[in-house]
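Take a look at the structure below.
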Amino acid sequence: MNTLVSVLIVILLLNVITAIITVFKEERDITATWAWLLVLNLLPVIGFGIYLLVGKKISKEKMFDLKMQERLGIAQLVELQKEQWQDEELLPKGLRTPEVRQTVRLLLETDQAILTKNNKVDIYDDGHDKFAKLLADIDAAKHHVHLEYYSFFSDRIGNKILASLEAAAKRGVKVRVIYDSMGSRGQKRHFFDELEKLGGEAEPFFAYKKAWIHSPRINYREHRKLAIIDGKIGYIGGFNIGDQYLSRSKKFGHWRDTHLRVVGNAVIAMQSRFLMDWNATIKNIRGKEPVKYDESLFPLQRQKGNVGLQVISSGPDSEVEAIKKGYLKLISGANDYIYIQTPYLIPDDSVLEALVVAALSGIKVKIMIPCMPDHAFVYRATEYYAKVLVDSGVEVYTYDDGFLHAKTFVVDSQITSVGSANLDFRSFKLNFEANAFGYDRNLALKLKELFEADLAKCTKLTPEYFESQSRWRKFKQYFSRLLSPIL
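Each residue of the sequence shown is one higher than the one before, counting from 9 in my numbering.
In structure tokens form, the structure reads like this:
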């Protein structure tokens, strides 16, 4: 018996030492470091399996490949706008306020995000409408179609879009597709073969193999949802490509999301983001050459509308956390109200405190989350933070008419954000995201109207609701919260 105890003690000591070496050899946020130490020491052996799936960072070589990509088409514009940022003419008419000016400056500095003012923007909150328009745009493409999606499933809508891409390739249109192998798991093995035979290209983000042999790593995923057609039309938002986004899932039912269709010079920034990701993805693939600057990829457009837009991206290739800083600026700069929709509510301390301070300052802060989990463990952490915010005066609502997947901000009817980034650690630090920050009263009012229409399908969470929950559920919420930096 003494021998067995001694062996167990030695194993546990070795586990502790190995855990410390494993976690500290890679630079990461201190809260994430402690969370991993907790996992690795509470769950010997199993914890290391979880670490390999979730915690291991992407290789420095691949990260360097992405960091070193040139911002095709916008590098000179960035420097010019940095010099002119105090010029009144740089900002959209009617919104030349300190809040707008400061937000534009922040995003220009943190993500080199150019501001364009001539954009026409359409909002899609239903998958049928969004995909119908996307298919029509692909079918009308004359020069190129670029798609970048976390999920591209080989189901009915996936096959329909693929058929349009194949038809485009047949008529000489250049087709390039980036998809995430984890997000597209279950995709048929030879899904893109015919497209590639026709001259199109489809590659999994940062992988050397096709989607059916994907990396087991859960973190550092390509979570952006972009489409660029002929350099003139761009899509950005929360919809992936799959039948569930058309409300065809028995589990989720109605799917509520938000996507933007943009016509105007903001498409230049989307194109630049896509090409950086494409060139980094194909860098080490034999026979693939990087795309170089070409005027046909970045056509300047005349006045299409009056919406000011900045396209922001962030990811683990940068420690700046540009989208999170943008969110913080929106929260701290609000004077009247902040409306937020997010499927995951797991803010870090800085965002949590900013929301609390806003609410305590008399700002109307309303946050909408799903009524159901798509990942049960993660949802318990969302519930924990919802309780903290409700106790601080923030209004939190659950959307009861299906699954809410939209990632939107509306602030004071003047600044908006729509994109792929959730209000959580994963979007701030672990995944590659893209959002469009908008400066236009009409766009803000339309998104506000959508939010208020959704409120009619919501339940407001109260302190009494959380008090009535079982001890077991509360325990799961507290435990999930401890691991929130790595969820």
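C-beta atoms are modelled at their ideal positions from N, C-alpha and C, and glycine is treated no differently. All values reported here derive from a predicted model rather than from experimental measurement.
Could you have a look at A464 and say whether DSSP puts it in helix, strand or coil?
coil
Contacting residues, own chain, Cβ-Cβ under 6 Å from D409 (five flanking each side not counted):
H262 and K465
Might you give, ordered along the chain, the residues of its own chain that have their beta carbon closer than 6 Å to the beta carbon of T470, omitting 5 neighbours on each side?
none
Okay, do the segment 265-284 and the segment 413-421 touch, 3+ Cβ pairs below 8 Å being the bar?
yes
When K395, M380 and V404 are compared against L373, the one with the closest alpha-carbon
Note that residue 373 is Val in the sequence shown, not Leu. That would be V404, whose Cα lies nearest to the Cα of V373.
For V315 versus D448, is the C-beta distance shorter than 7 Å?
yes
Please tell me whether L116 and Q422 are closer than 7 Å, where the distance is taken between their beta carbons.
no
Since Y187 sits in a beta bridge, which residues does DSSP pair it with?
Y157 and P212
Tell me which residue opens and which closes the beta strand (DSSP E) that H552 is part of.
Nothing can be reported for residue 552: it is not among the residues displayed for the chain, which extend from 9 to 495.
In angstroms, rounded to a whole number, what distance separates the CA positions of L173 and W93?
40 Å
Could you give the first and the last residue of the continuous alpha helix (DSSP H) run that contains L397?
A384 to D399
Proximity to A8 [Cα-Cα], best of V183, K125 and D119
Shown here, the chain extends from 9 to 495; a query on residue 8 therefore has no answer.
Compute the beta-carbon to beta-carbon distance between Y407 and C379, rounded to the nearest angstrom, for a pair I have assumed lies under 8 Å.
6 Å
Looking at the secondary structure, which residues open and close the alpha helix (DSSP H) in which N167 lies?
R164 to K178
State the start and end residues of the unbroken beta strand (DSSP E) segment that holds I375.
K372 to P378
Proximity winner among M278, K90, E107 and D382, relative to F260 (alpha-carbon distances)
D382
Could you compute how far the alpha carbon of R109 sits from the alpha carbon of I236?
28 Å
Anyone know if the C-beta pair for R489 and A389 falls short of 7 Å?
yes
State buried or exposed for A342, treating a residue as buried only when at least 16 other CB atoms are found within 10 Å of its CB.
buried
When burial is assigned at 16 or more other CB atoms within 10 Å of the CB, is D145 buried or exposed?
buried
Among D201, G208 and G250, nearest to G194 - alpha-carbon criterion:
G250
Should the segment 159-173 be called in touch with the segment 274-288, which here means at least 3 C-beta pairs below 8 Å?
no
Quick one, which of Y301, F160, N450 and N248 has its alpha-carbon nearest G239's?
Y301
Look at the alpha carbon of V130 and the alpha carbon of S476, and state the distance between them as a whole number of angstroms.
Checking the sequence, you will find Asp at residue 130 rather than Val. Answer to the nearest angstrom: the Cα atoms are 42 Å apart.
Just to confirm my understanding: we take D163, look at its own chain, exclude 5 residues before and 5 after, and list those with CB closer than 7 Å. What are they?
G250 and D251
Where does R264 sit, in a helix, a strand or coil, going by DSSP?
strand
Give the range of the beta strand (DSSP E) segment to which F445 is assigned.
E441 to Y447
If distances are taken between C-alpha atoms only, which option among F483, H231 and A277 comes closest to G242?
A277
Which residue from G446, N430, V396 and F440 puts its Cα closest to that of E472?
V396
Counting C-beta neighbours from all protein chains within 10 Å, is the total for R479 16 or more, i.e. buried, or is it exposed?
exposed
What do you reckon, are the CB atoms on A177 and I320 nearer than 7 Å?
no
Determine, using beta-carbon pairs with one atom in the segment 323-335 and one in the segment 420-440, whether at least three such pairs fall under 8 Å.
yes
DSSP-derived helix/strand/coil call for Y132
strand
Using only the alpha-carbon positions, how far apart do K484 and F385 sit?
8 Å
Near F440, what residues of its chain come up, given a Cβ to Cβ distance below 8 Å and the 5 sequence neighbours on each side ignored?
F213, Y228, R229, E230, H231, R232, D285, S321, S322, G323, P324 and D325
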